[in-house]
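Numbering (the numbering used here), first residue to last: 1 to 223. No residue lacks a Cβ here, since even glycine has one placed at the ideal position from N, Cα and C. Below is one structure; the comments refer to it alone.
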């Protein structure tokens with residue numbers, strides 16, 4: 001973990017319970033827009049927006065579901081993709097996962113994952129890098145919260161998730177608050193929640209969020 005990135009997280013966010021998963025505390029920004037501008041959000045630079053500083057609806061819904069259904073991950077090797085703050089990874093670790101690997105492309109996010117895991121007293125292996133063109137390794141469960149927010153990301157993410165399920169045999173669960181690029185025809189619904197969110201980010205105070213399981217069977221194929 002970069003000490004500079006860790007210092008940035010501590011300076012610009014504070015530990016607080018997650019609204020929909022109060023069992024977990026995360027370093028969260030009090031004022032979303034100011035931090036977004038500070039880190040040159042909207043992709044005006046090579047620095048990714050500070051997704052790590054907020055508990056996004058998809059991650060909250062998925063973390064709640066894992067917390068309430070620990071049998072999904074207990075004793076299993078878990079991979080959390082585009083982990084952001086590490087909320088979902090931490091929920092999996094708290095639910096008894098054998099190991100949890102949280103992958104992020106943002107160095108500050110990886111630092112936030114490490115700090116948040118430490119604050120919650122769990123072991124999460126924070127990994128910096130883009131793994132979407134590879135595979136899920138030995139993961140038995142793959143978790144992804146709020147990852148279908150752009151067309152390009154959705155296409156790469158779906159290809160990765162299908163490989164994880166078809167080749168690796170992993171169970172794939174996704175939390176999504178109705179993003180436009182979720183390929184719903186490839187998933188089956190497990191649960192739905194009304195998740196509180198920062199109005200400054202979502203323009204609403206509550207987002208209906210669904211937890212989906214990937215169906216690796218090709219469309220039209222006999223099940």
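- With fewer than 16 other Cβ atoms inside 10 Å of its own Cβ, residue 178 counts as exposed.
- Under DSSP, residue 56 takes part in no beta bridge, so it has no partner.
- Under the Cβ criterion (8 Å, minimum of three pairs), the segment 159 to 169 does not count as touching the segment 17 to 31.
- Nearest Cα to residue 83 within the set 11, 12, 208 and 60: 60.
- Using a 10 angstroms sphere on the CB of residue 15, the tally of other CB atoms stays under 16, which defines it as exposed.
- Excluding its 5 nearest sequence neighbours in each direction, residue 126 has C-beta neighbours in its own chain below 6 Å: 102, 110, 113 and 114, listed in chain order.
- The beta carbon of residue 215 sits closer than 7 Å to those of 186, 187 and 188, all from its chain and outside the five residues before and after it, given in chain order.
- Excluding five sequence positions before and after residue 145, the CB atoms of its chain that fall closer than 6 Å to its own CB belong to 58, 59, 62, 88 and 175, given in chain order.
- In the DSSP assignment, residue 127 forms a beta bridge with 103.
- Below 8 Å, too few C-beta pairs join the segment 150 to 159 and the segment 88 to 98 to call them touching: fewer than three.
- Note on geometry: alpha-carbon atoms of residue 219 and residue 80 lie some 26 Å from one another.
- For residue 122, the three-state secondary structure derived from DSSP is coil.
- In the DSSP assignment, residue 214 is bridged to 187.
- Between the C-alpha atoms of residue 117 and residue 217 there is a straight-line separation of about 35 Å.
- Closest in alpha carbon position to residue 12, among 50, 2, 173 and 128, is 50.
- Contact annotation: residue 124 and residue 64 have beta-carbon atoms that are not nearer than 8 Å.
- Spatial neighbours of residue 19 in its own chain (CB-CB distance under 6 Å, excluding positions within 5 residues in sequence) are listed in chain order as 196.
- Between the alpha carbons of residue 122 and residue 71 lies a gap of roughly 18 Å.
- A distance below 8 Å separates the beta carbons of residue 170 and residue 139.
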